[in-house]
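Novice:
There are 4 protein chains.
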Amino acid sequence: MSPKTQQQFQELREQKKMQILNAALKVIANHGYNGATISMIAREAGISKGLLYSYYESKEQLLEALISFGMEKAAAFMEDPDAGKPHSKESFAAMLRKMIQMVMQESDFWRMYTTLLLQPNMSGKIQPQAQKFVEQYLGIYIAYFQKKGSRNPMAEAMLFGAVLDGLMFDLMVAPDQYPLEEVLEMIVEKFA
Amino acid sequence: MSPKTQQQFQELREQKKMQILNAALKVIANHGYNGATISMIAREAGISKGLLYSYYESKEQLLEALISFGMEKAAAFMEDPDAGKPHSKESFAAMLRKMIQMVMQESDFWRMYTTLLLQPNMSGKIQPQAQKFVEQYLGIYIAYFQKKGSRNPMAEAMLFGAVLDGLMFDLMVAPDQYPLEEVLEMIVEKFA
Amino acid sequence: MSPKTQQQFQELREQKKMQILNAALKVIANHGYNGATISMIAREAGISKGLLYSYYESKEQLLEALISFGMEKAAAFMEDPDAGKPHSKESFAAMLRKMIQMVMQESDFWRMYTTLLLQPNMSGKIQPQAQKFVEQYLGIYIAYFQKKGSRNPMAEAMLFGAVLDGLMFDLMVAPDQYPLEEVLEMIVEKFA
Amino acid sequence: MSPKTQQQFQELREQKKMQILNAALKVIANHGYNGATISMIAREAGISKGLLYSYYESKEQLLEALISFGMEKAAAFMEDPDAGKPHSKESFAAMLRKMIQMVMQESDFWRMYTTLLLQPNMSGKIQPQAQKFVEQYLGIYIAYFQKKGSRNPMAEAMLFGAVLDGLMFDLMVAPDQYPLEEVLEMIVEKFA
DNA sequence: TATGAATGAGATTTCATTCAT
DNA sequence: AATGAATGAAATCTCATTCAT
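Protein chains in written order, with my numbering: chain R, 1 to 192; chain Y, 1001 to 1192; chain P, 2001 to 2192; chain X, 3001 to 3192.
1) Among R:M78, R:R151, R:Q10, R:V103, which one has its Cα closest to the Cα of E1182 (chain Y)?
2) Mapping the DSSP letters down to three states, classify A74 (chain R) as helix, strand or coil.
3) Out of P:F2077, P:G2166, P:K2125, P:H2087, point me to the one whose CA is closest to Q2146 (chain P)'s CA.
4) Kindly indicate if chain X contains any beta-carbon less than 9 Å away from that of P2120 (chain P).
5) So G70 (chain R) and F133 (chain R) are in contact, right, with Cβ under 8 Å, and what is the actual spacing, rounded?
6) According to the Cβ coordinates, are G2035 (chain P) and G3032 (chain X) closer than 9 Å?
7) Which residues in chain P have a C-beta closer than 8 Å to the C-beta of I3239 (chain X)? List them in chain order.
8) With a cut-off of 9 Å, does the C-beta of G3139 (chain X) fall near any C-beta of chain P?
9) Which of the three DSSP states is assigned to G35 (chain R) in this structure?
10) In chain order, what residues of the same chain lie with their CB nearer than 6 Å to the CB of K89 (chain R), ignoring the 5 residues before and after it?
11) Is it true that the segment 52-72 of chain R meets the segment 1044-1061 of chain Y, where meeting means three or more beta-carbon pairs spaced less than 8 Å apart?
12) Along the chain, where does the alpha helix (DSSP H) that runs through E2185 (chain P) open and close?
13) Note down the Cα distance separating V2188 (chain P) from F2092 (chain P), rounded to an integer number of angstroms.
14) How is the alpha helix (DSSP H) around L2130 (chain P) delimited, first residue to last?
15) Of all the CB atoms in chain R, is at least one closer than 9 Å to the CB of K1059 (chain Y)?
16) Going by the CB atoms, is the gap between E2106 (chain P) and A2074 (chain P) shorter than 9 Å?
17) To the nearest angstrom, report how far apart G2149 (chain P) and M3168 (chain X) are at their CA atoms.
18) Below 9 Å between beta carbons: does that hold for A2155 (chain P) and E3185 (chain X)?
19) Do G166 (chain R) and G1166 (chain Y) have their C-beta atoms closer together than 9 Å?
20) Please tell me whether I3047 (chain X) and Q3019 (chain X) are closer than 9 Å, where the distance is taken between their beta carbons.
21) Can you pull the chain X neighbours of I2126 (chain P), defined as C-beta to C-beta under 7 Å?
22) Helix, strand or coil for N152 (chain R) per DSSP?
23) Measuring CB to CB, does A2143 (chain P) end up less than 9 Å from P2153 (chain P)?
24) To the nearest angstrom, how far is the alpha carbon of T2114 (chain P) from that of D2170 (chain P)?
25) Let me check understanding here. Comparing Cα to Cα, which of Y:L1116, Y:M1112, Y:Q1119 lies closest to V1027 (chain Y)?
26) Mark A29 (chain R) as exposed unless 16 or more other C-beta atoms lie within 10 angstroms of its C-beta, in which case mark it buried.
27) Taking 9 Å as the CB-CB limit, is K2190 (chain P) close to chain X?
28) I want to see whether chain P comes within less than 9 Å of D2947 (chain X), judged by CB atoms only; does it?
29) Beta-carbon of I2038 (chain P) versus every beta-carbon of chain X: anything under 9 Å?
30) For a quick check, are the C-beta atoms of A162 (chain R) and V1173 (chain Y) less than 9 Å apart?
31) Going straight from the alpha carbon of R1097 (chain Y) to that of K1085 (chain Y), what length do you get?
32) What is the DSSP secondary structure of E14 (chain R), counted as helix, strand or coil?
33) Just the C-alpha distance for Q1119 (chain Y) and Q1008 (chain Y), rounded to the nearest angstrom, thanks.
34) Here's the rule: buried if 16 or more other CB atoms are within 10 angstroms of the residue's CB, otherwise exposed. What is L3021 (chain X)?
35) In terms of alpha-carbon separation, which member of X:K3017, X:D3176, X:M3158, X:V3103 lies closest to M3136 (chain X)?
36) CA-CA distance, S2002 (chain P) and Y3178 (chain X)?
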């Protein structure tokens, strides 16, 4: 068996960590943190419980990794230059669509995220990271509504935030037959 | 001497059931169904674990009772004649405020409700009742936007639903210093 | 309400004790001592748990009362002059029938009795009384087989005892369509 | 290096299952199903309670496994060619002895079996398997008594069955100083 | 006397974590 | 690295017994 270089070795480890992370995300999103068991996660990842513990030292730590991982992806999205800073009706609509898409693509993560935020019990784990994220996009939209001449840019931004949160929620709960296109148009009409 | 009338017994039982229900709601809202333990609930209710089981035959059944109880209250609110059917900008605003108030007053219930809906695992327990509730208020607002001459009353109603959901979510997650008044005004401006 | 005489009072108590005893017998015979709960017994007796405890101070004591009561009835049967001491083929057959009848009439008791004897755990409670009973009827049959000129009266008596035990067992397990008559004839043919 | 072959694992599991089965049999035979606790069984098996549940998913399922296991052994005995079908006084005696021996060797199982049959509550679990077994040996003896020219082979077979059941019962209850030899001779004298 | 609510000990069951191989 | 057997603490649930009314 070919001896692996340090490099290859690290890559394999990284790969396996992802595999576990994805499995954990799926299971925790569907069952909640407390409802998800290590066995379920290991089974979903196709590895043994023991091996899982050689990658993450506890269930709690696994959750933390999961949160960081998801938030990093979200942050990356926010920093994506061609996504950020809407400046016209068209780019507003485009960005809106992109965000919705991100949420739907990573819906497991956002379901978990939402659930965690709602439980005071758990929210400590996610609040700090969520805070930053929310402030960031709030800032962007305050600026947008300001430029547009809104009477109260901050309130409008917060309302728009609520729209996004609510839409995300509705899509997560009942994605089938949701008239997304029509609702998006309505949003653009009212906010862009 | 008969120790206690049937009537008295019944009342006491009903009272204690409420006491348990409230304790359960509080604990489950804060820790999630799986994170909440019977011990926590019994402690919160000020009774022994054993006694809890003489009122509810299992943890699962307790959850069901909790859901029914909350949904009944919500349904009662919807049927309250002076709450329903907005017909003017003023009554729209009034109803909006009333709904927000209801949600904030029963915020434990709505936190639990939301969390359950987000977990496919659990959502079966709540979907049927939630469905009916959502359809009801959607109907009311479709009618309202229709009368107002909306270009797409159904999409506008769904968007408004998302606004309510998102607002509710934001209020539950970070109620302090939320500029509720300003946001409400903004909603009225855009939707009423 | 008419004040009761001491006498009436005692009778009522005695009646209620019987009622409890019969309920307990039924439940314990069907579920076993450990499978039977005080609640079941009280419900069967149509009284409250609390009241039951004013008649019998513990589940264990209730069992003891049950055993004594059953064994006394059995002993009474043995002492019944026109039942005891077979002396001819006819009286042998008659007594056999009477015993079978007793067992079938009190089948709950005998089921419980059998079950208890089979559990070393419990047998202490019943062994002493059972012992006496068995010795008594063994004595009777040893005498009978002796008089009949059996080659080994004691072995024949024990075998006959096994026949009775086995028959009782079979009848308790599957009473329907058991060809009792034919088997009894066969017993008489072989033993009387 | 793969830590253990699938094969080895399977074998170890099989071994441990037996260990648990034997412990369970001993404890349940002595205390009854409801009187036996998982703790007792685990202690007897020398393992933790938790581990027991990785082999049998519930106490009830453990009981079922126990029954199947015992009945299979009994069935194997019945199918043993040199045990079956008595055809002469000698082979009748031999088979009788073999059956007694089997019962005494597996006396825990037969105690449990008997107790279960006597409790309507539980008998559902064992009836189906017991039925088949009983019919099988009844068939064998009906044939035997027929060949012997019995006036009523079926009744004689059932009586013989009762003898076996009763003998088994007596041996289980008071094995010490039971004059087994003499009684067996008596049986042979009367039935063979 | 009579009730059934209430308790607490203990039973069954689950699961994060460790460990021998 | 990889497995899953094994543990033990904690969770859910049951029930004999007590007690206020």
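Beta carbons are placed, not taken as given, at the ideal position from N, Cα and C, and that holds for glycine. Being a predicted model, the structure only gives us computed values, none of them experimental.
Specialist: Let's see:
1) R:R151
2) helix
3) P:H2087
4) yes
5) The Cβ separation is near 10 Å, so there is no contact.
6) yes
7) The structure shown does not extend to residue 3239 (chain X), since chain X is modelled only from 3001 to 3192, so the question has no answer here.
8) no
9) coil
10) A192
11) no
12) 2180-2191
13) 8 Å
14) The sequence shown places Ala at residue 2130 (chain P), rather than the Leu named in the question. A2130 (chain P) -> alpha helix (DSSP H) spans 2120-2147.
15) no
16) yes
17) 27 Å
18) yes
19) yes
20) yes
21) Per Cβ cutoff of 7 Å: no residues; I2126 (chain P) is ~10 Å from chain X at best.
22) coil
23) yes
24) 12 Å
25) Y:M1112
26) buried
27) yes
28) With chain X covering only 3001 through 3192, there is no way to say anything about residue 2947 (chain X).
29) no
30) no
31) 14 Å
32) helix
33) 40 Å
34) buried
35) Residue identity check: residue 3136 (chain X) is Gln in the sequence provided, not Met. Selected option, being the one with the closest Cα: X:M3158.
36) Legend: pLDDT at S2002 (chain P) = 49, less than 50; position of this residue unreliable, value from coordinates given subsequently. So the alpha carbons of these two residues sit roughly 60 Å apart.
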